[in-house]
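Read through the structure below, which is laid out as structure tokens, and then see the notes.
Numbering (the numbering used here), first residue to last: 5 to 171.
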């Protein structure tokens with residue numbers, strides 16, 4: 005008799021651990037499912053999350069509607085804590101605009117190209133006096149900096165300066 009009671013107790017506890025998580029109503033169309041993976045180091049948190057989401061989808065299908073995610077929160081297993089997963093979802097009709105919004109839309113197979121003519125005279129832009137003046141000015145500043153650091157001698161500085169000014 006004791007063996008029978010022991011086996012029955014272990015069976016009930018085992019089946020309770022394998023049961024589906026309970027769906028909790030938060031508002032008229034929003035629900036939450038919370039599950040704990042009590043498998044310890046042999047548990048599978050990803051499997052638990054998939055089971056919770058599948059339960060939410062089955063719950064919505066039983067009402068002839070669809071589940072759209074609102075939020076989810078998971079905690080990984082640690083020394084003193086089992087892995088947990090909380091999933092909040094809304095149950096809406098299949099023709100609800102919110103359901104269409106969360107559905108993935110396939111990438112378009114068709115792209116359009118438009119030819120645009122742009123008239124820019126690059127020679128005028130590149131040869132304007134301002135750009136040339138600022139380039140000369142920047143080059144002279146760089147040369148002066150190199151001379152002050154002692155990298156260029158005065159003779160080298162004068163030679164390079166003549167080249168920049170004569171260009």
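Note that the Cβ used here is the ideal one computed from N, Cα and C, for glycine as well.
Which value, in whole angstroms, describes the spacing of the CA atoms of residue 61 and residue 87? Counted from its first residue, the chain shown places residue 61 at position 57. Counted from its first residue, the chain shown places residue 87 at position 83. Each residue's Cα considered, the two are about 22 Å apart.
I'd like the list of long-range same chain contacts for residue 20, defined as Cβ closer than 8 Å, with 5 residues on each side in sequence excluded. Along the chain shown, read from residue 1 onward, the residue named residue 20 stands at position 16. Confidence is the limiting factor: at residue 20 the pLDDT is only 45, short of 50, which leaves the residue's position unreliable, though a coordinate-based value still follows. If you ignore the 5 residues before and after residue 20, its C-beta comes within less than 8 Å of no other C-beta in its own chain.
Three Cβ pairs or more, each shorter than 8 Å: is that satisfied between the stretch 78-86 and the stretch 97-104? Short answer: they don't touch.
Cutoff 8 Å; reference residue 3; Cβ partners in own chain excluding five residues on either side: One cannot answer for residue 3 here, as it falls past the ends of the chain, which runs 5 to 171.
Quick check: what's the CA-CA separation for residue 97 versus residue 29? Residue numbering aside, residue 97 sits at position 93 when the chain shown is read from its first letter. Residue numbering aside, residue 29 sits at position 25 when the chain shown is read from its first letter. For residue 97 and residue 29, the distance between alpha carbons rounds to 17 Å.
If you follow the beta strand (DSSP E) that residue 39 is in, where does it begin and where does it stop? Residue 39 sits at position 35 when you count from the first residue of the chain shown. Where residue 39 is concerned, the enclosing beta strand (DSSP E) stretches over 34-41.
Over the uninterrupted alpha helix (DSSP H) stretch that includes residue 170, give me the two end residues. Against the chain shown, residue 170 aligns to sequence position 166. First-last of the alpha helix (DSSP H) with residue 170: 158-170.
Alpha carbon to alpha carbon, how far is residue 14 from residue 89? Sequence index remark: in the chain shown, residue 14 carries index 10 (1-based). Sequence index remark: in the chain shown, residue 89 carries index 85 (1-based). In this prediction, residue 14 scores a pLDDT of 48, lower than 50, which makes its location untrustworthy; no coordinate-derived value is stated.
C-alpha distance - residue 93 paired with residue 25, whole-angstrom precision: On the chain shown, residue 93 is found 89 positions in, with the first residue counted as 1. On the chain shown, residue 25 is found 21 positions in, with the first residue counted as 1. One C-alpha to the other measures close to 14 Å.
So, for residue 70: in the same chain, excluding its five sequence neighbours on each side, which residues have a beta-carbon less than 7 Å away from its beta-carbon? Translated into the one-based positions of the chain shown, residue 70 becomes position 66. Excluding sequence neighbours, residue 70 sits near 64, 96, 98 and 103.
State yes or no: is the C-beta of residue 39 within less than 8 Å of the C-beta of residue 52? The residue you call residue 39 lines up with position 35 of the chain shown. The residue you call residue 52 lines up with position 48 of the chain shown. Going by C-beta atoms, residue 39 is nearer than 8 Å to residue 52.
Keeping to the same chain, check which residues put their C-beta closer than 7 Å to that of residue 57; ignore five residues upstream and five downstream. Residue mapping note: residue 57 aligns to position 53 of the chain shown, counting from 1. Contacts found: 91.
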